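Sequential numbering of the sequence shown, starting at 1, is according to UniProt numbering. For every residue, glycine included, the Cβ atom is placed at its ideal position computed from N, Cα and C. These numbers were taken from a predicted model, which means no experiment stands behind them.
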Amino acid sequence: MKKARPARLTLDDFLPYRLSVADNVVSQRIARVYAAEDGLSTQEWRLIAVLGEDGERSQRELVLRTRMDKVPVSRAARSLEERGLVRRATSQSDARSRRLTLTASGRKLYQRVAPAALRAEAEVLAELSAAERAVLRSLLERVERAAVRALEPAP
C-alpha cells in the first residue's frame, strides 16, 4: 500500500501568497496617486477614502471597515489630524471612543484624489473585460466571506 505524500507548498499556487503579491503591486500602483503629491501612506488614504465615502465613523468602525489593525488606524488617524485633514472628537455616547470626520481640507483632498485613484485602478484592470472584472469581484467577495466565517469562534 502506498503511503500518502504530504502536501507540498508551492508559493505561486498558494492563494494567500498570490493575493498578497497582487495586493502589494496594485497598492503600489495606486499609492503613486496619493503618495507622491500628497505624502499619504496607504493606511492614511484608506481612512480618507472610507470617511469620504461613508462620512463620520468611530476608530472601531474604521478598523472593521478597512480590516486594518487598531494601531495602524490610530497612527493614521493621529497623523491625518495633525495635518488638518481629519477631525477626531470624543464620542458623546462613549468617552473612550473617538469619532473621525474629514475636515474641509480632507474633503477637498478626497474629491481630488478619488478620481485619480479610479483612473489608476482602471489602468490595472484594463486587460480584463467587464465580465471578467465582475467575476473577479464576485470571487474576491466570496473568498473574503469564507475567510471571515473561518475567523469566527466556533459555537
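A straight-line Cα-Cα distance of about 30 Å links Ala150 and Arg96.
Per DSSP, the unbroken beta strand (DSSP E) holding Arg98 starts and ends at Arg98 to Leu102. A distance below 7 Å between beta-carbons, with the five flanking residues on each side excluded, links Thr90 to the following residues of its chain, in chain order: Arg98. Closest by C-alpha distance to Ala49, out of Glu37, Ala36, Arg60 and Arg65, is Arg65. Residue pairing of Ala22 in beta bridges, as defined by DSSP: absent, with no partner found.
Taking C-alpha positions only, Met68 is separated from Ser58 by approximately 14 Å. Per DSSP, the continuous beta strand (DSSP E) segment holding Arg87 begins and ends at Val86 to Thr90. Judged by DSSP in its simplified three-state form, Ser129 adopts coil rather than helix or strand.
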